[in-house]
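Residue numbering for the sequence shown follows my numbering, beginning at 228 and increasing consecutively.
A virtual CB, placed ideally from N, CA and C, is assigned to each residue, including glycine.
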Amino acid sequence: MTSSNVRGGQALDISIALSTLAAVVLALRVYARFFLLKHHAVEEYVIITAMVCSIGFTACIGLQVRWGMGRHISEIVQDDAQRSLKAFYVSLLTYNISLGCTKTSIVIQYLRIFPTRKFQIVGKCTLAIVVLYTLFTIFASIFICLPPRAFWTGEPAKCVNRFAMWFTHAAINIVTDFAIIILPMPIIGSLNLRRRQKQALIGIFALGGFVCLVSILRLKSLIAVSKSSDLTYDNAPAAMWSSVEVNTGIISACLPTLRPFAARYISSFASRSDQSQPTLGQWIRQHDHQSQKDIDLPIRSSQQKSNITVVHDFVVTSSKSDLNEIDDNKSDEARILPHRNEPRPS
């Protein structure tokens, strides 16, 4: 990294730092789900795919900086400018795939956690929109110019209006961000929990609000690059904010799943859980009693000192009465009945 390219160097440094942090948080999630709980689902593989693409996005930023991103295109030899723009082209694909996989993993997780009929309908519609939108952005990024190589060679070609395309993508991206945040709130609001417990639970699911803020802040840099005739210079801030968006999305998707890790290895956390967490019957509520019968929920009980019982992605400290509800059969399943008239815990 040359000292003259501070603009590109800053984008790369921030991208490397956040990619590393996201990878560490994801590694803790994988350890908690695969090794501590021995219970994982398809969303783990989807979020891993998002992380792989995020690393690819950071690599593309590194290549762009190596070949001149952050410097004016007039200061770069033609071959280097083309190499930088080619890496930029690939980064569009890795960015869109990573972002789409992160959102997909979150919605799939919601569909497992909340089994009510109404939520399943809304959740599956949201999932379909996210998947279709992701496929559209990938397709549009590949064929932003015809032939595609015109994006980096500058040869005469038919190209999509970058401003229109990228702002359409950004608008849909922000809308889906907010939709994913709002999606579980009605059910969480109906849970029979203490106010502080309910607020904490809402906070966990609202972590994506920070990603929405980043997406909005990214718009300013997107304006510059979408109208730019000096892409190598103007793309540096956009690349930085895109990396922040992708990696904070992965971190936000992973943090709610780390409670088993904290309860297992952080004694003070486990101690607080013993005093403050509700029982399974208090934690799980049936949101739509008329449309849903008894709920079959997979439950895992570890043999560790913290005695963690897992219901989907919610982890609570077990009481003896809770453990009595667990069948001793090999399927490791328990039937949790809805609590219609249970008094609110004091």
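Can you tell me whether DSSP reads residue i as helix, strand or coil?
i: Leu373; result: strand
i: Lys574; result: The requested residue 574 does not occur in the structure, where the chain is confined to residues 228 to 573.
i: Leu359; result: helix
i: Gly236; result: helix
i: His266; result: coil
i: Lys454; result: coil
i: His516; result: For His516, the predicted model reports a pLDDT of 39, less than 50, meaning its position is unreliable; a value from the coordinates is still stated below. His516 falls in the coil class under three-state DSSP.
i: Thr343; result: coil
Can you tell me whether residue i is buried or exposed? The criterion is at least 16 other CB atoms within 10 Å of its CB, across all chains shown.
i: Ser374; result: In the sequence as presented, Ser is not what sits at residue 374; that position holds Pro. When all chains shown are included, Pro374 counts as exposed.
i: Phe488; result: buried
i: Asp306; result: exposed
i: Ala427; result: exposed
i: Arg486; result: buried
i: Val334; result: buried
i: Cys352; result: exposed
i: Met412; result: exposed
i: Phe432; result: buried
i: Ser231; result: exposed
i: Val357; result: buried
i: Gly297; result: buried
i: Ala238; result: buried
i: Ser242; result: buried
i: Pro383; result: exposed
i: Ala561; result: Confidence at Ala561 is low in this model, with a pLDDT of 31, below 50, so its placement is unreliable and the value that follows should be read with caution. Classification of Ala561: buried, given that the 10 Å Cβ count is 16 or more.
i: Gly430; result: exposed
i: Leu410; result: buried
i: Ile414; result: buried
Where do the N-terminal and C-terminal ends of the alpha helix (DSSP H) with residue i fall, by residue?
i: Val473; result: Leu458 to Cys481
i: Tyr316; result: Gln305 to Ile340
i: Glu270; result: Val269 to Arg293
i: Ile300; result: Careful: Ile300 lies outside any alpha helix (DSSP H) and carries neither H nor E.
i: Ser231; result: Looking at the DSSP string, Ser231 is not in any alpha helix (DSSP H), and its letter there is neither H nor E.
i: Ile429; result: Arg422 to Phe432
i: Ile415; result: Met412 to Ser417
i: Ala490; result: Arg486 to Tyr492
Residue i bridges to which residues according to DSSP?
i: Lys385; result: Leu373
Check whether the Cβ of residue i sits closer than 6 Å to any heavy atom of the ligand MN, and report yes or no.
i: Lys313; result: Ligands displayed in this structure: none; no statement on the ligand MN is therefore possible.
Is residue i close to chain C, meaning its C-beta is less than 7 Å from at least one C-beta of that chain?
i: Ala463; result: You won't find chain C in this structure, because it holds only one protein chain.
Exercise for review: Tell me, please, whether the segment 433 to 449 touches the segment 394 to 406 by the rule of three or more beta-carbon pairs shorter than 8 Å.
Suggested key: The segment 433 to 449 is in contact with the segment 394 to 406.
Check your understanding: Do the segment 238 to 255 and the segment 470 to 480 make contact, defined as three or more Cβ pairs closer than 8 Å?
Key -> Enough Cβ pairs lie closer than 8 Å, so yes.
**Study point:** Contact the segment 451 to 463 vs the segment 374 to 394: 3+ CB pairs below 8 Å
**Key:** With the cut-off at 8 Å, the segment 451 to 463 and the segment 374 to 394 touch.
Point to revise | Segment contact, 8 Å Cβ cut-off, at least three pairs: the segment 308 to 321 with the segment 282 to 297 | key: Inter-segment contact for the segment 308 to 321 and the segment 282 to 297 is present: three or more beta-carbon pairs are separated by less than 8 Å.
Check your understanding: Is the segment 455 to 470 touching the segment 266 to 273 in the sense that three or more CB pairs, one from each, lie closer than 8 Å?
Key -> Taking a cut-off of 8 Å for Cβ pairs, the segment 266 to 273 and the segment 455 to 470 do not touch, as fewer than three such pairs fall below it.
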